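Here is the structure we will look at, set down as structure tokens.
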Amino acid sequence: MHLIDKEAGITAMEERLRGMEYNIKGNMALSSLPALREAFQAYPDHPQVNYLLGLSYFKRHDYQKAMAFSQKAVDLKPTQDNYLVLLAQLYNHLKLPQDAEHLAARAYEANSSNWEAAKILSEMAFGRNQLDKSLELIEGILKERPKTYASHRLKTKILLQKEAPVETILAAIAESEKYGYDDDIEYDRVYAYYIHGDFEECRKMFEYLKQTRPLSPSTAKVASLIASMQPNKNKREQSGDFFNFEPSQPYKKTKPSLEHSLEELNQLVGLDEVKREVNQIVKLMEYDKRRAYMLSIEKKEEASYHFAFSGNPGTGKTTVARILGDIFAALGILETGQLVEVDRSDLVGGYMGQTAQKTREAIESAKGGVLFIDEAYSLASGKSDQSDYGSEALEVLIKAMEDYRKDFIVILAGYDNGMKELLKSNPGLSSRINMQINFDDFTDYELLAIAKKQAENNHYTLTEDAEKAFLVRINQEKVLPQFANARAVRNIMEAAMRERAFRLSDQSVTEEDLVILEPLDFGINPEQLFGDDIKDLMGELQALVGLDDVKEQVKSIINYVRAEKRREEHGYQLNDLALHMVFTGKPGTGKTTIARLISQILKSIGVLKRGHMIEVTRDDLVGQYIGQTGPKTLEKIKEAYGGVLFIDEAYSLYSGSQNDFGFEAISTLIKEMEDNRDKLVVIMAGYPVEMERMLSMNAGIRSRIAYTIDFPDYSSDELLEIFVMAAHQQGFIVTEETKEKVQQVFADGFSKRDQHFGNARAARSLFEKAKLQQSNRLALDEEADLFTLLPQDIKETF
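Residue 1 is where the sequence shown starts when you use full-length UniProt numbering, and the numbers rise one by one after that.
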């Protein structure tokens, strides 16, 4: 429905504009822009239209356009507080604090309940150490918007700066934790005691952080704070180890509320199925508790809550485990809810008896909370490996899961297949696992949201083209085995930020250059983004000598795929694109060249993610003994993920005998062609008769082949063209007499050709022989032209 209704006019438009600001602030700026542009064409001086356009571009990080429209909105209506706030935010982003503060003050004067204006003024007052003014403004915001996490955190910072009583600061921290969480909260909690000289409490809290968050940046900051404590200098020198002390009572973190923990879970990017399952578990527990109370049921034994988390790396398993600990603590099932994360190296020793001790120590440290065992299947040793102590760790763990079921929770985590095998192979372990939760890979736009958040944390924003470039890079990663999800995002973003630093380190830069990421930072040429090189590739296809029928078939396939992709962009379900092919023809007919071009073209239009080609023969796929072929074939297939697997002389895989190892290669290939058809295209090539025989003998392969393309022999005229083209590429001149001689040689060879006729290879071979003959002639005549081929340089046959 259009924003502009000619009959209803401006009144109808204003009614719709009133609902659009909420949508734009809810990150729906992109969908709003077309309607707003239409409104601007009709009403260029309407202040609300200009404001909403400015807000949309601000949300999309197009600050130049945002500034132009926002300034016009303010010019048209100088006292409108939300217009002034948007302009203040833009000036703030451009590091012009005085202008930003002036605009925010005007907005606050016009409307004292405008919390965004108050927030800007409070932050600036805090920056100038005007703490009372900053606190007054923040308190006003929290009265209007009590669930604003950022305002609670700023209040905590102000109280710390004012050195307010420790109870007041801790109460502010606890209140902020109801609405969000960040790593610095733990540091602020320690710092509250530090500024009041309670160093012993700081140490207790540090011990707790070392156990539960050993790799956290906040823990590292606390370590530096602890090291600065002068009252214990003598003790430190005497002991030789500053951290070697026994706290009189272990520090135990304040239990977070159930509401806060669930909100933290539900605000995570993606993980919809995980959230649903965890929320259902919580509802079930609350129901059981309510039922027991209402019916006066006394439980005879405590229920156990042990989990198996399966999924690829970086899918949030550790994060959800930490939140689960908080949830169970809030429900009263766990005492503290801390997360203790271990892997095989933390549990398994190198000699008899050490493993049991290490495992018991890990269990002891996790009591009251969660023991999270990453890659848990690595504990299961092979039956033949008597020297592996992983099974001993499992035995101790299984017993503890039963004996201390009310004291701690175990979460086993790892890849899907590995976890299934572990639970299948160990009935004792699987019987103690109450719930299994699968963590799916993140979608493209969930990964983009994670990337944008990481960029924001490092004071960067992604341009619109950079977002597209990121999606290209992450999709190249996604086709690789065991895709690392959020970890892959982190690696890509860190690499992009490093690349930008390298590129701009010796250049003159503007302020905007320092806060944006562009396609080049992701290794993507902005001039060839997403299909911009399709014309070049299709031109390269068309420029090939001969192959007219082949070109037409390839163009038809590409046109079909492009049409399907366009329908997908309009919201229609994309059909399963099975694009596996068979190329039939003699050697030298262009099969490999066409396959490589197809891979690049399919990448250009977004079907393949990497666009490379892996060329293999039977020797690359088939092993020499039982059990070797499957893994060998699978390794090559995975190497081709995101591109084309080109199998030359594919019929050599199939002998018709099930005793031949090639049969195992074909079985592996068929399964991958079906299961991972979105990750690769398989092209099998060979002589026509042999390829047809292979397809007729294996219905599994034939059913998965979408297209068969026949490559005819080159004619003598086409072979001459290939010969001349090869000569010109190396700077040689072919005289007309020489061309006639070459044409005659090709005509004779073509008329006598058999199944081993070399086609283009023969043409290139004749050219190389011609150069050899010419070099012999030049040795006798040093005055002769070095780059001219004469008829006598051409051998009579090839």
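The beta-carbon is built from N, C-alpha and C at its ideal position, and this holds for glycine as well.
The structure presented is a predicted model; accordingly, all values stated were derived computationally and were not measured.
Between the options, which lies nearest to residue i when the distance is taken from Cα to Cα?
i, options, result
"Q161", "A125, D183, Y149", "A125"
"V554", "Q600, S751, L170", "Q600"
"R432", "A760, E464, R405", "R405"
"S365", "G523, V340, M352", "V340"
"Q48", "K59, G642, Q80", "Q80"
"L544", "L520, N525, E512, T593", "T593"
"D678", "A640, R566, P688", "A640"
"V274", "Y51, L394, M691, D441", "D441"
"M401", "R360, Y415, K424, S378", "R360"
"G606", "G642, R291, F787", "G642"
"V348", "I373, G368, L262", "I373"
"D132", "S751, A164, E116, E144", "A164"
"A784", "A747, I733, G197, L397", "I733"
"K453", "I474, R145, V489", "V489"
"N50", "D62, K59, A66, H61", "A66"
"P217", "A303, A227, D182, D198", "D182"
"R753", "I398, K586, E564", "K586"
"N111", "G140, P97, K95", "G140"
"E721", "G700, R704, R128, F746", "F746"
"A760", "R203, G588, T668", "G588"
"N491", "G350, F307, E477", "E477"
"P481", "L331, V410, L634, F439", "L634"
"A393", "D343, P791, Y415", "D343"
"S345", "T336, G337, T355, Q338", "T355"
Using DSSP bridges, identify the partner residues of residue i.
i, result
"N438", "S310"
"G337", "Beta-bridge pairing links G337 to no other residue."
"residue 810", "Within the shown structure, residues of the chain are numbered from 1 to 798, placing residue 810 beyond reach of any answer."
"F646", "E615, I683"
"D198", "Note: D198 sits in no beta bridge, so no partner."
"G414", "S310"
"F372", "E341, I411"
"V734", "L789"
"L461", "The sequence shown places Thr at residue 461, rather than the Leu named in the question. DSSP, once it has assigned bridges, lists I516 as partnering T461."
Within the continuous alpha helix (DSSP H) that includes residue i, where are the two ends?
i, result
"M352", "No alpha helix (DSSP H) holds M352; DSSP gives it neither H nor E."
"A466", "464-478"
"G630", "629-639"
"R702", "699-704"
"N457", "444-457"
"V74", "63-76"
"S122", "115-127"
"H102", "97-110"
"T156", "149-162"
"F723", "716-729"
"Y83", "81-93"
"G428", "427-430"
"T593", "591-604"
"V222", "217-227"
"L772", "760-780"
"L537", "534-542"
"Y51", "47-59"
"I666", "662-675"
"A578", "Here A578 belongs to no alpha helix (DSSP H), and DSSP marks it neither H nor E."
"L331", "Per DSSP, L331 belongs to no alpha helix (DSSP H) and is neither H nor E."
"H756", "Premise fails: H756 is in no alpha helix (DSSP H) and is neither H nor E."
"I398", "390-403"
Ends of the beta strand (DSSP E) at residue i?
i, result
"F787", "Premise fails: F787 is in no beta strand (DSSP E) and is neither H nor E."
Between residue i and residue j, how many whole angstroms is the CB-CB distance? I'm expecting something under 8 Å.
i, j, result
"G623", "T617", "In fact, because the Cβ distance is near 14 Å, the residues do not count as touching under 8 Å."
"A104", "V85", "7 Å"
"E175", "H152", "6 Å"
"M538", "Y707", "Rounded, the Cβ-Cβ distance is 17 Å, inconsistent with contact."
"L371", "F408", "6 Å"
"I666", "L680", "That pair is no contact at about 16 Å."
"L608", "L541", "Not confirmed; about 16 Å, so no contact."
"L33", "Y63", "The pair is not a contact, with the Cβ atoms about 15 Å apart (cut-off 8 Å)."
"R704", "I670", "7 Å"
"E518", "K95", "Actually they do not touch by this definition, with Cβ atoms about 20 Å apart."
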